[in-house]
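Using our numbering, the first residue of the sequence shown is number 123, and each one after it goes up by one. Glycine is no exception: its CB is placed at the ideal position from the N, C-alpha and C atoms.
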Amino acid sequence: SAPHLRVLRLFLGYNGIGPCGTQALADITHLGLLEALELSMCGNHLGPGGARSLAALKQLAQLQRLDLDLSDNNLVASDAEALSELQEAAALHTFRLNLSGNNSGVIPHGAKALQGLKESIPHFHLDVRLGQGSYWR
């Protein structure tokens with residue numbers, strides 16, 4: 123336990139983490155004073171529904187900056203919808219979200235949900251590369 127931790131950087135990419143692996147990250151919400159979180163889970167096997175438990179990060183009352191890399195995980199539109207709950211994070215000011223290389227259904231089907239993030243978070247940046255370099259921001 124590190125109750126006074128303010129910044130946390132975790133690189134968990136390319137570790138074969140499956141959908142249940144993100145549930146263990148819910149324990150991060152016990153770090154009540156956390157102001158910045160950089161979480162890279164690129165290249166794992168989260169699959170459809172694997173990002174749902176990450177919505178629990180909205181409970182971090184002091185979280186001001188979130189960098190979340192979920193590229194190359196075969197996520198789907200419902201994952202984008204779950205991530206849209208992060209707009210409820212009261213102090214969140216900067217949010218960088220990378221969904222590149224996921225199922226093509228993430229965008230455009232998840233775009234409406236992600237639009238709420240763009241409207242509620244002052245500095246929201248979304249990076250999505252689908253196929254041969256198409257982008258939506």
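Minimum Cβ-Cβ distance from residue i to chain C less than 8 Å
i	result
Leu-161	Absent from the structure: chain C. Only one protein chain is present.
Expected contact under 8 Å - CB spacing of residue i and residue j to nearest Å
i	j	result
Leu-219	Leu-205	7 Å
Thr-151	Leu-127	Incorrect: roughly 12 Å between the Cβ atoms, too far for contact.
Gly-165	Asn-196	Incorrect: roughly 11 Å between the Cβ atoms, too far for contact.
Gln-260	Leu-159	Residue 260 lies beyond the range of the chain shown here (123 to 259); nothing can be said about it.
Leu-132	Ser-175	Not confirmed; about 15 Å, so no contact.
Residues that DSSP places opposite residue i in a beta bridge
i	result
Val-129	Ala-158
Leu-188	Leu-159, Phe-217
Contact under 8 Å by Cβ, residue i with residue j
i	j	result
Ala-211	Val-228	no
His-200	Gly-223	Sequence check: residue 200 is Ser here, not His. Not closer than 8 Å, so no.
His-167	Gly-135	no
Phe-217	Leu-236	no
Asn-225	Val-250	no
C-alpha distance - residue i paired with residue j, whole-angstrom precision
i	j	result
Trp-258	Leu-179	Per-residue confidence for Trp-258 stands at a pLDDT of 43, beneath the threshold of 50, marking its modelled position as unreliable; no derived number is given.
Glu-207	Ala-177	6 Å
Gln-145	His-247	24 Å
Leu-130	Leu-153	10 Å
Where the beta strand (DSSP E) through residue i begins and ends
i	result
Asp-249	245-249
Bounding residues of the alpha helix (DSSP H) (the contiguous stretch that carries residue i)
i	result
Ala-173	Careful: Ala-173 lies outside any alpha helix (DSSP H) and carries neither H nor E.
Glu-241	233-242
Glu-203	199-205
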